[in-house]
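**Student:** In full-length UniProt numbering, the protein residues as written are 1 to 155. Ideal placement from N, C-alpha and C gives every residue a C-beta, glycine not left out.
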Amino acid sequence: MTITYWLNGKKATADVAPGLMLYDFLRSQGCYSVKCGCETTNCGLCTVWVDDVPMLSCALLAVRIDGRHVTTLEGLQDEAKEFAFYMGREGADQCGFCNPGFVMNVLAMVRKLDAPTEDEIKEFLSGNLCRCTGYVSHMRAIKAYFKAKGKEVRA
1 MTITYWLNGK KATADVAPGL MLYDFLRSQG CYSVKCGCET TNCGLCTVWV
51 DDVPMLSCAL LAVRIDGRHV TTLEGLQDEA KEFAFYMGRE GADQCGFCNP
101 GFVMNVLAMV RKLDAPTEDE IKEFLSGNLC RCTGYVSHMR AIKAYFKAKG
151 KEVRA
């Protein structure tokens with residue numbers, strides 16, 4: 001099937017097999033930030049934005065992006081680098097394997113929530129797994145990033 005889509009702001013057309021998962025398609029297009037750690041929608045590593053909504057690319061057929069805008073971490077380099085500074089400063093980037101999906105969700109959260117509570121942040125990120133940390137450093141990084149964006153995290 002031929003689809004037309006926007007990938008990181010650039011319009012493209014491709015022929016895709018009906019059963020091809022978006023994760024595999026994006027990697028074939030050079031989007032190597034999109035990783036898959038589980039293939040069961042449990043880890044969040046494959047998170048991308050489809051029309052600015054975070055979605056798990058391991059659970060979405062590539063044909064479903066026809067006419068839609070897809071954003072990967074490659075399309076958000078400036079924002080990702082800015083947040084990565086806070087992750088590094090707070091020790092939240094141990095092995096780094098989970099970082100792309102986590103960062104995609106944090107950047108979406110900052111756009112969506114103005115003054116979240118810690119519980120709202122935890123709920124928003126509940127689909128992201130990290131096997132290296134206890135998430136305390138992640139929360140510190142998120143709070144610092146929200147503050148840098150002129151937003152607060154409520155107690």
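When DSSP labels each residue in this structure, what does L107 get in the three-state scheme?
**Tutor:** helix
**Student:** Classify M55 as helix, strand or coil using the three-state DSSP reduction.
**Tutor:** strand
**Student:** Under the three-state reduction of DSSP, which class applies to Y23: helix, strand or coil?
**Tutor:** Here Y23 sits in helix by DSSP.
**Student:** Leaving out the 5 sequence neighbours to the left and right, which residues in its chain are closer than 7 Å to L73 when beta-carbon positions are compared?
**Tutor:** Non-local C-beta neighbours of L73 in its own chain, meaning closer than 7 Å and more than five positions away in sequence, comprise S33, A80, P100, V103, M104, ordered along the chain.
**Student:** For V70 and T40, I'd like the C-alpha separation in whole angstroms.
**Tutor:** Distance from the CA atom of V70 to the CA atom of T40, rounded to whole angstroms, is 21 Å.
**Student:** Among the residues of its own chain, which have a CB less than 8 Å from the CB of W6, if the five just before and after it don't count?
**Tutor:** A12, R68, H69, V70
**Student:** Less than 8 Å between the beta carbons of S57 and C46, yes or no?
**Tutor:** yes
**Student:** By the DSSP assignment, the alpha helix (DSSP H) with A115 in it spans what residues?
**Tutor:** A115 -> no alpha helix (DSSP H), and no H or E assigned at all.
**Student:** Does DSSP put K147 in a helix, a strand or coil?
**Tutor:** DSSP places K147 in helix when its eight states are reduced to three.
**Student:** Are the CB atoms of C43 and G37 nearer to each other than 8 Å?
**Tutor:** yes
**Student:** Throw me the rounded Cβ distance for the V48 and F83 pair, which I believe falls under 8 Å.
**Tutor:** Between F83 and V48 the Cβ distance is about 16 Å, and since that is not below 8 Å, they are no contact.
**Student:** Do you know whose CA, among V63, D93, L113, lies nearest L129's CA?
**Tutor:** Selected option, being the one with the closest Cα: D93.
**Student:** Just the C-alpha distance for T2 and Q77, rounded to the nearest angstrom, thanks.
**Tutor:** When rounded, the distance between both Cα atoms is 29 Å.
**Student:** Under the rule that 16 or more other beta-carbon atoms within 10 Å means buried, what is C95, buried or exposed?
**Tutor:** exposed
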